[in-house]
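Protein chains in written order, with the working numbering: chain A, 1 to 343; chain B, 1 to 343.
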């Protein structure tokens, strides 16, 4: 079966950004969709996941994953529908999740390792949730908290970016494990959401008062686990309140990703010494062989109503450059997703 | 048995230092030695251990141990001889190790918890070694490396302050565990010592060339374990070279202890994320119930000649203020000890 005649549109990386990515860092490119060859499939992209980590992929230099090359399609995870298949692994109509890139169509080998496509079941949860709690952010939250944080009932867990994709799930998983959960988020609306909708015990609005005071008020027993998505001054404020044998999970540092000056290291890191505490990085890919465990437990919680998700869905591939900036300006409310085509 | 009429001399903390401790931060105090009451002993101090951690004890604020109070005798570990005892636990003539303070004589309960006196056996090693490899620095090195670092044969271990009390033992224990060991020290003499005398594989002279270049040259396989005694720019340089799943042991940060500006946090801490690496603090007291394990293994190595120690012994209690500064100016060569009285 040949694919229909279609035009692909892509955002390619035109230049390595200095600070926040600007329009000239992107090339909007059109080209005909390529028919799948033997063993290949053609996927129409429906949703793209926009994540803070994407900023890191745009930089040169050694990291946990190769940088996106200049002229290459920007890397992004997403969900799509198989519209043509020359592989026994997928059939037309299948819904798949994987690294499809910022474009309308993806053509490639069904078993392409960097795309890592897998079928998803729309009956389990709405498609956007497969990019949220049941996708990379959810897996990051689940395995980062449980494997690195090792929460025990009664412990106090603090999570920054609490209304964001990873943060919202971290807090809810921690509640499932019997912890006191305090979020940190920007603005009253987000704070109200994580407390009232997601069931966090408290939320500190970093835009209204200091995090230091908030921690003092809401973590009277100190902090046992801190799941850090933001870095910067908030990390330092939490370091000053950690308990003996605390665990700090370094998941991200969105406050530092667009720096044009050097990253601000945590001046209070000697609190690790005083408290015999640990700071450890997490990259979700390390848990790939156990995603199914996380997905099935979280899908069950979602069904039971004890795990909620919130997505912030922006329409239109052409809005990608601005949508990405929403993350760094805190303008998204919930997991940020770009809808490229109707379901 | 009453104690003989003796005069004690002490260094008391007169003021909390700003930056390097200066003479006016100390009060040199004389008072009659107090006779031991029932259950008490009188100890003549022979050697005092001078350690970077002492600078931290002089600061106000929460730490792993209460600060020394203004007007109190400066805290210090040391070795002394019991010269009068009204306790069945010790006899006159016993040699003891414990927190005796910067003074000539210590009188107190034989079971005083903060002094934590224990008998030592001079047949096992010369007395100064009981403040070095067989004392707190040795225990710090032994348990910090083994319990937090978890070295595996073939791994690369880097240690800063390599010629110092903790560093010299860290490197030799790591060699015993089959690791490649690279020291960082200041000056050719110290570097030659750790390589030629202690058997390190290499040593980077931070006063001659950059640590970055040294690490590149001497750690071609990257760094699996970094035992940090210094903090600052050296910590950042090592962070840039760590391997996947590296362990960074935060033992101290001598470069930062006398800062009058905020501590320099490690700007490269996101290398922990990229490499799923861990940074963890260690305080030796946590291993107190297992010191005997460390002491006996290290005493055996010393006897076999496979663990060497070097002490830098300064004479005279009255020289305490200047001797302490040697640590922060890198003027000591080996474990710094103040001899207060002849053996």
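Positions of the beta carbon are idealized from the N, C-alpha and C atoms, including for glycine.
Since we're looking at a predicted model, the values are computed, not measured.
Which residues in the same chain as residue 311 of chain A place their Cβ atom closer than 6 Å to its Cβ, once the five residues preceding and following it in sequence are excluded? Walking along the first chain from the start, residue 311 of chain A turns up at place 311. Hits under 6 Å: 128, 132, 334, 335 and 337.
When the distance is taken between beta carbons, is residue 48 of chain B closer than 7 Å to residue 89 of chain B? In the second chain, counting from the first residue as 1, residue 89 of chain B sits at position 89. In the second chain, counting from the first residue as 1, residue 48 of chain B sits at position 48. Their beta carbons are not under 7 Å apart, which means residue 89 of chain B does not touch residue 48 of chain B by this criterion.
Can you give me the Cβ contacts of residue 86 of chain A inside the same chain, cut-off strictly under 8 Å, excluding the 5 residues immediately before and after it? Translated into positions along the first chain, residue 86 of chain A becomes position 86. Taken in chain order, the residues that qualify are 1, 36, 37, 38, 39, 40 and 41.
Would you say residue 287 of chain A faces chain B, with C-beta separation under 7 Å as the test? Within the first chain, the letter at position 287 stands for residue 287 of chain A. It does not; no Cβ of chain B falls within 7 Å.
With a threshold of 7 Å between beta carbons, is residue 178 of chain B in contact with chain A? As a working mapping, residue 178 of chain B is identified with position 178 in the second chain. Chain A, which has no Cβ nearer than 7 Å to the Cβ of residue 178 of chain B, makes this no.
Looking at the unbroken beta strand (DSSP E) that takes in residue 55 of chain B, where does it start and where does it end? Here residue 55 of chain B corresponds to residue number 55 of the second chain, with the count starting at 1. Note, residue 55 of chain B: premise wrong, no beta strand (DSSP E); alpha helix (DSSP H) at 53-57.
Relative to chain B, which residues along the segment 261-288 of chain A have a C-beta separation below 9 Å, given in chain order? Cβ proximity to chain B below 9 Å picks out 262, 263, 264, 265, 266, 267, 268, 269, 270, 271, 272, 273, 274, 275, 276, 277, 278, 279, 280, 281, 282, 283 and 286 from the segment 261-288 of chain A.
Taking the Cβ atom as the reference point for each residue, do residue 275 of chain B and residue 246 of chain B lie within a distance shorter than 7 Å? Translated into positions along the second chain, residue 275 of chain B becomes position 275. Translated into positions along the second chain, residue 246 of chain B becomes position 246. Against a cut-off of 7 Å, the Cβ pair of residue 246 of chain B and residue 275 of chain B comes out as a contact.
Please determine if the segment 299-315 of chain A and the segment 277-286 of chain A are in contact, where contact requires at least 3 C-beta pairs separated by less than 8 Å. No: the two stretches stay apart, fewer than three of their Cβ pairs being nearer than 8 Å.
What are the uninterrupted segments assigned as alpha helix (DSSP H) that are 4 or more residues long and contained completely in the segment 202-264 of chain A, given in chain order? 211-218 and 232-239
Unbroken alpha helix (DSSP H) run spanning residue 86 of chain B, endpoints: Mapped onto the second chain, residue 86 of chain B falls at position 86. First-last for residue 86 of chain B: undefined, no H or E at that position.
With respect to the beta strand (DSSP E) encompassing residue 279 of chain A, which residues constitute its N-terminal and C-terminal limits? Mapped onto the first chain, residue 279 of chain A falls at position 279. Bounds of the beta strand (DSSP E) holding residue 279 of chain A are 278-281.
Closer than 7 Å by beta-carbon distance: list the chain A residues that pair up with residue 253 of chain B, in chain order. On the second chain, residue 253 of chain B is found 253 positions in, with the first residue counted as 1. Per Cβ cutoff of 7 Å: 270.
Does the beta carbon of residue 160 of chain A come closer than 7 Å to any beta carbon on chain B? Locating residue 160 of chain A in the first chain gives position 160, where the first residue counts as 1. It does not: the Cβ of residue 160 of chain A has no partner Cβ on chain B nearer than 7 Å.
Our contact map puts residue 223 of chain B next to residue 215 of chain B with C-beta atoms below 8 Å; I'd like the distance itself, whole angstroms only. Stepping through the second chain from its first residue, residue 223 of chain B is reached at position 223. Stepping through the second chain from its first residue, residue 215 of chain B is reached at position 215. Yes, they are in contact, since the Cβ atoms of residue 223 of chain B and residue 215 of chain B sit about 7 Å apart, within 8 Å.
Residue from A/21, A/95, A/31 and A/14 whose Cα sits closest to the Cα of residue 43 of chain A: Translated into positions along the first chain, residue 43 of chain A becomes position 43. That would be A/95, whose Cα lies nearest to the Cα of residue 43 of chain A.
If we call anything under 7 Å between Cβ atoms a contact, is residue 13 of chain B one with residue 74 of chain B? For the purposes of this step, residue 13 of chain B is identified with residue 13 of the second chain, where counting begins at 1. For the purposes of this step, residue 74 of chain B is identified with residue 74 of the second chain, where counting begins at 1. Yes, they are a contact pair.
Roughly how many whole angstroms lie between the Cα atoms of residue 271 of chain A and residue 253 of chain B? What you label residue 271 of chain A is simply residue 271 of the first chain in a count that begins at 1. What you label residue 253 of chain B is simply residue 253 of the second chain in a count that begins at 1. For residue 271 of chain A and residue 253 of chain B, the distance between alpha carbons rounds to 12 Å.
How is residue 140 of chain A classed by DSSP in three states: helix, strand or coil? Within the first chain, the letter at position 140 stands for residue 140 of chain A. Note: residue 140 of chain A maps to helix in three-state DSSP.
Compute the Euclidean distance between the alpha carbons of residue 166 of chain A and residue 202 of chain B, then round it to the nearest angstrom. The residue labelled residue 166 of chain A in the question sits at position 166 within the first chain. The residue labelled residue 202 of chain B in the question sits at position 202 within the second chain. C-alpha separation (whole angstroms): 43 Å.
Local conformation of residue 270 of chain B per DSSP, three classes: The count along the second chain starts at 1 and reaches residue 270 of chain B at position 270. In the structure shown, residue 270 of chain B sits in coil (DSSP, three-state: anything other than H, G, I, E or B).
Indicate whether residue 341 of chain A and residue 46 of chain A have their beta-carbon atoms separated by less than 7 Å. Residue mapping note: residue 341 of chain A aligns to position 341 of the first chain, counting from 1. Residue mapping note: residue 46 of chain A aligns to position 46 of the first chain, counting from 1. Yes, Cβ-Cβ distance for residue 341 of chain A and residue 46 of chain A is below 7 Å.
So with Cβ pairs under 7 Å, would you call residue 250 of chain A a contact of chain B? Within the first chain, the letter at position 250 stands for residue 250 of chain A. For residue 250 of chain A, the answer is yes, since a Cβ of chain B falls inside 7 Å of its Cβ.
So is residue 64 of chain A in contact with chain B if we call contact Cβ pairs under 7 Å? Walking along the first chain from the start, residue 64 of chain A turns up at place 64. For residue 64 of chain A, the answer is yes, since a Cβ of chain B falls inside 7 Å of its Cβ.
Taking DSSP as the reference, what is the three-state secondary structure of residue 43 of chain B? Taking the first residue of the second chain as 1, we reach residue 43 of chain B at position 43. Residue 43 of chain B falls in the strand class under three-state DSSP.
Excluding the 5 residues flanking residue 169 of chain B on each side, which residues of the same chain have their C-beta closer than 6 Å to its C-beta? Working through the second chain from its first residue, we reach residue 169 of chain B at position 169. Here the set comprises 133, 138 and 141.
Start and end residues, beta strand (DSSP E) containing residue 12 of chain B: Residue numbering aside, residue 12 of chain B sits at position 12 when the second chain is read from its first letter. Note, residue 12 of chain B: beta strand (DSSP E), 7-13.
In this structure, what does DSSP give as the bridge partners for residue 96 of chain A? One-based indexing of the first chain puts residue 96 of chain A at position 96. Beta-bridge pairing links residue 96 of chain A to A/80 and A/119.
Who does residue 109 of chain B pair with in a DSSP beta bridge? The residue you call residue 109 of chain B lines up with position 109 of the second chain. Paired residues: B/40.
Residue 330 of chain A, DSSP secondary structure in three states: In the first chain, residue 330 of chain A corresponds to position 330, counting from 1. Coil.
Cβ-Cβ distance between residue 255 of chain B and residue 281 of chain B below 7 Å: Counted from its first residue, the second chain places residue 255 of chain B at position 255. Counted from its first residue, the second chain places residue 281 of chain B at position 281. Not a contact, by the Cβ cut-off of 7 Å.
Can you give me the Cβ contacts of residue 219 of chain A inside the same chain, cut-off strictly under 7 Å, excluding the 5 residues immediately before and after it? Here residue 219 of chain A refers to the residue found at position 219 of the first chain. Correct list, in chain order: 156, 158, 182 and 241.
Cα separation between residue 261 of chain A and residue 122 of chain A? On the first chain, position 261 is the one that residue 261 of chain A refers to. On the first chain, position 122 is the one that residue 122 of chain A refers to. Cα-Cα distance, rounded: 44 Å.
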